[in-house]
Structure formats: structure tokens, C-alpha cells
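Following: one structure in C-alpha cells, then a few remarks.
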Amino acid sequence: MYQTAALILVGVLALANLLFTFGVVRRLREHTAELADLRTGRLGVGGTDVALPEGATVGHFEAADVAGRPVTLTELGERPLVGFFSPHCGPCKERLPLFAEHAATRPGGPAEVLAVVVGTPDDTAEVVEQLLPVATVVVEADQGPLQRAFGVSGFPAFVLVEGGVVGASGFDFEPVASRDAAAAVPAAS
58 MYQTAALILV GVLALANLLF TFGVVRRLRE HTAELADLRT GRLGVGGTDV ALPEGATVGH
118 FEAADVAGRP VTLTELGERP LVGFFSPHCG PCKERLPLFA EHAATRPGGP AEVLAVVVGT
178 PDDTAEVVEQ LLPVATVVVE ADQGPLQRAF GVSGFPAFVL VEGGVVGASG FDFEPVASRD
238 AAAAVPAAS
């Protein structure tokens with residue numbers, strides 16, 4: 058009788074272990090898919106788009122740059138490049154030089170490049186100084202009007218706007234820069 062009970066107990070434990078293992082494998086597959094999305098630069102932390110996805114319409118906004126001049130989407134030209142940065146963000150510090158280098162060679166100059174730095178004026182001073190030669194720079198608080206208009210949920214975020222619609226966006230700058238460079242070739246010819 059004890060042997061039968063022990064055998065049943067071992068069987069139940071083996072079945073529970075098997076179910077647990079299937080659950081772990083399922084979660085690992087989900088995490089693998091999330092990591093792949095993060096590596097492609099399409100998604101931010103938490104698995105959400107870091108900014109509005111391709112094809113989305115940019116919301117209306119009104120802001121002022123660091124010199125006090127008004128900034129609207131229409132004033133940024135037909136194909137503005139927009140970058141969102143936070144001074145306390147490691148990936149922002151890594152990608153900021155790439156953004157600045159690309160912006161410096163972009164047709165249209167700073168008038169068609171918008172850099173949004175999130176934080177207080179004291180916190181953002183160093184980042185603003187790096188971006189001023191190549192972009193129109195706006196400093197705003199977290200969840201400010203520009204972040205809401207572009208659907209920003211993480212930093213850094215990069216958006217290429219084409220005719221009021223998102224042409225490319227992401228956490229990683231290279232895909233956005235590639236799309237921008239490809240679109241600029243016909244305009245330069």
C-alpha cells in the first residue's frame with residue numbers, strides 16, 4: 058500500500074514538473090522574441106514602440122526652442138528628423154554623436170532637424186550645447202507636448218517625418234538614418 062502511494066506521488070510530481078517545464082519554455086520563447094525586437098531597434102524597454110510607428114500621423118504640437126522661437130511641425134520642413142534625448146540615459150549618450158554627425162551633413166541644416174532634450178535646463182545644458190550647432194533644440198519636461206505628439210515612451214527615440222507622417226522611427230538611430238539618407242538622394246539629384 059505504501060508502495061502504491063509512493064508511486065502515485067512520484068507520478069504526480071513528474072507531471073507537475075513536466076507542466077512547469079513547458080511553462081518555462083513558453084516564457085523563454087516570449088523573452089527571445091522581445092529581445093529580438095529590442096535588438097532591431099523597433100521597440101523600447103517594455104516591448105512597446107519607442108515612438109509612433111511608421112505610417113502614423115504626428116500629433117499637433119507647439120513648443121519653443123531654447124532661444125524662445127516657436128517650433129511647429131510645419132516650420133520644420135517637409136522631412137524633419139527628430140531625436141529625443143535624456144541627459145541621464147546611457148544609450149542617449151552613445152547615440153547622440155551619431156545623430157549630431159548625421160544632422161550636420163543633412164540637407165536643410167538645423168532648420169529641418171529637431172532635438173528634444175528632456176529634463177531641467179540645468180540637467181540638459183551639456184546635451185543642448187552638443188546639439189545646438191546641428192539642430193533646433195527644445196528642452197521640455199518629461200511627458201511634454203513634443204513627446205506626446207510623437208508618442209515617445211523611451212529614450213533615445215528617433216523619428217523621420219515625411220509629409221506629416223512617420224517614415225521611420227526607433228530606439229536605434231542607424232535604421233532611421235539609413236531611411237533618411239535614402240530619401241535624401243532623389244532630392245539632392
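Count the sequence shown with our numbering and you get residues 58 to 246, in order. Note that the Cβ used here is the ideal one computed from N, Cα and C, for glycine as well.
At a cut-off of 7 angstroms, would you count GLY80 as near the ligand ATP, judging by its Cβ distance to the nearest heavy atom?
Of the ligands one can find in the structure shown there are none, so the ligand ATP has no counterpart to examine.
As a quick exercise: from GLU119, PRO167, ALA239, pick the residue whose alpha carbon is nearest that of LEU203.
Numbered from 1 along the sequence shown, position 146 holds the residue referred to as residue 203. Here the closest residue by C-alpha is GLU119.
Reducing DSSP to helix, strand and coil, say where THR181 ends up.
The count along the sequence shown starts at 1 and reaches residue 181 at position 124. Helix.
Taking buried to mean at least 16 other C-beta atoms within 10 Å of its own C-beta, is SER226 buried or exposed?
Here residue 226 refers to the residue found at position 169 of the sequence shown. With 16 or more other Cβ atoms within 10 Å, it is buried.
Please report the distance separating the alpha-carbon of LEU155 from that of PHE230.
Indexing the sequence shown from 1 puts residue 155 at position 98. Indexing the sequence shown from 1 puts residue 230 at position 173. C-alpha separation (whole angstroms): 8 angstroms.
Could you give the distance in angstroms between the alpha-carbon of LEU66 and the alpha-carbon of HIS88?
Walking along the sequence shown from the start, residue 66 turns up at place 9. Walking along the sequence shown from the start, residue 88 turns up at place 31. Cα to Cα, the separation comes out at about 33 angstroms.
Spatial neighbours of VAL174 within its chain, please: CB distance less than 6 angstroms, with the 5 preceding and 5 following residues excluded, ordered by chain position.
Position 117 of the sequence shown, counted from the first residue, corresponds to residue 174. Taken in chain order, the residues that qualify are PHE142, THR181, VAL184, VAL185, VAL196.
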